[in-house]
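So the structure is just underneath, and the comments pick up after that.
2 protein chains.
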Amino acid sequence: MSTQARRERERAEREQAIIATARDLALAEGWDAVTTRRLAGEIEYSQPVLYSHFKGKDAIMAAVAVEGFAELAVALASARMSAADPRQAVADVAAAYTDFAEQRPAIYDAMFTLIVDLPFASQDVPTDLARGFAELAETVRPFAGDGDLETFTETFWSGLHGLVTLMRSGRLRRTDHDRRLAVLVDRFSR
Amino acid sequence: MSTQARRERERAEREQAIIATARDLALAEGWDAVTTRRLAGEIEYSQPVLYSHFKGKDAIMAAVAVEGFAELAVALASARMSAADPRQAVADVAAAYTDFAEQRPAIYDAMFTLIVDLPFASQDVPTDLARGFAELAETVRPFAGDGDLETFTETFWSGLHGLVTLMRSGRLRRTDHDRRLAVLVDRFSR
DNA sequence: TCCATTTCCTAGCGATGCTAGATATGAGAG
DNA sequence: CTCTCATATCTAGCATCGCTAGGAAATGGA
């Protein structure tokens, strides 16, 4: 039975290689550069191998997105923990969020704009996505007032997401980002 | 010279037909359904004719987006004018914004997410885009405090844009939209 | 050593955006 | 009225995309 175990291990490694390669390629040159042919070439297998691991290109992007949710949750948690006071926590978490999106634009796109049908069947996504959301919720909790915390958090999140996406599409000047972020933080921490 | 005038007029009409057809097709079936072959078939010309009017498919989408900016500006202005008081104006304009995006998702996408290089060379875009932005600015002016109105407006705009895009990608439940909108309005009208 | 099963690749399909080269159209000169 | 030439338009095709069927190759067991 050791050979079967080895095969399964190698297969898992190859699957991880596909995700990592797709991720690196997307970060370096954008998702348009991530073609199935090129991806297959990078991992030194033929195209159909990709489809024995994933249903299609969207599924590969979704797998990259899943990793992104975990990363984002960690980044937000770190920012929240190390903040001196609740108000500073909002500012730090907001900055961590937009920094994540700025530094990994392709991954952020896969997480929130490109992939419509996320694998909600999978266990990982709701978990890590919920973890990130929970970090946001805990951060703004002191300022939610008597209203619904979830709604309050979702609205704050929308503000961050809007800043990120409008800036990337060139509708907002990058130079004023910090000031806009300060306004958003101010509005949601009073 | 009348024949030449007629030709130019017919050519302008055909260009408008291309834009209108692309717009209708995108609204009805999404931008993926707007292929150059199908678009050419709808206007009863061959594909290359499209390229004698526009540089490519992106340019056609940009033309649709330009019309969208004008529409949005009108909708926002109407909402702002008919509001009873400044605070209600913020609520009404915000609702008008998200309604526009909800009812014309394809056009909204062309305006703010799909097209990266908008024809800023053209005169129309900055004008109509600026008109819409100016409507937002006038709406929130009473609540901007002593800070920069432009930055304040941009941040408010980001909130609206984030609500719209996160809801469309399925990250936010549609049922709670009104409550999120109320939170956003509350944060930016106090 | 031979067979059966699994794994993988070659080759190809349909569709996309876009374009070069051939063809039709029509205005103006003789 | 006819011919010419420029303009307008189409037919056909290219390169590329995501994806897949069918056959070849490798692998494990008898």
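Protein chains in written order, with the UniProt record's numbering: chain Z, 1 to 190; chain V, 1 to 190.
Virtual Cβ for every residue (Gly too), placed ideally from N, Cα, C.
- By the neighbour-count criterion, in which 16 or more other beta carbons inside 10 Å mark a residue as buried, Ala-28(Z) falls on the exposed side.
- Relative to the Cα of Asp-92(V), the nearest Cα in the group Asp-148(V), Ala-65(V), Asp-85(V) and Ala-79(V) belongs to Ala-79(V).
- In the three-state reduction of the DSSP assignment, Arg-87(V) falls in the helix class.
- For Thr-165(V), the closest alpha carbon among the candidates Pro-105(V), Leu-136(V), Pro-126(V) and Val-140(V) is that of Pro-105(V).
- Phe-143(Z): not part of any alpha helix (DSSP H); DSSP gives it neither H nor E.
- DSSP places Ser-158(Z) within a helical segment (H, G or I) once states are collapsed to three.
- Within the same chain, Cβ atoms closer than 8 Å to the Cβ of Arg-190(V) are found at Phe-143, the five residues on either side in sequence being excluded.
- For Ala-110(V), there is no enclosing alpha helix (DSSP H), as DSSP marks it with neither H nor E.
- Look at Glu-44(V) here: in three-state DSSP terms it is coil, with no helix or strand label.
- Interface annotation, Glu-15(Z): not in contact with chain V, CB-CB separation never under 7 Å.
- Looking at the backbone, the Cα of Met-81(Z) and that of Ala-89(Z) are separated by about 8 Å.
- At least one beta carbon of chain V lies nearer than 7 Å to the beta carbon of Gly-162(Z).
- For Ala-62(Z), the enclosing alpha helix (DSSP H) stretches over residues 57-81.
- One thing to note: Leu-72(Z) has its Cβ no nearer than 7 Å to the Cβ of Glu-154(V).
- Among the CB atoms of chain Z, none fall inside 7 Å of the CB of Glu-10(V).
- The straight-line gap separating the alpha-carbon atoms of Asp-109(Z) and Arg-9(Z) is approximately 30 Å.
- Here DSSP, grouped into helix, strand and coil, assigns Leu-118(Z) to coil.
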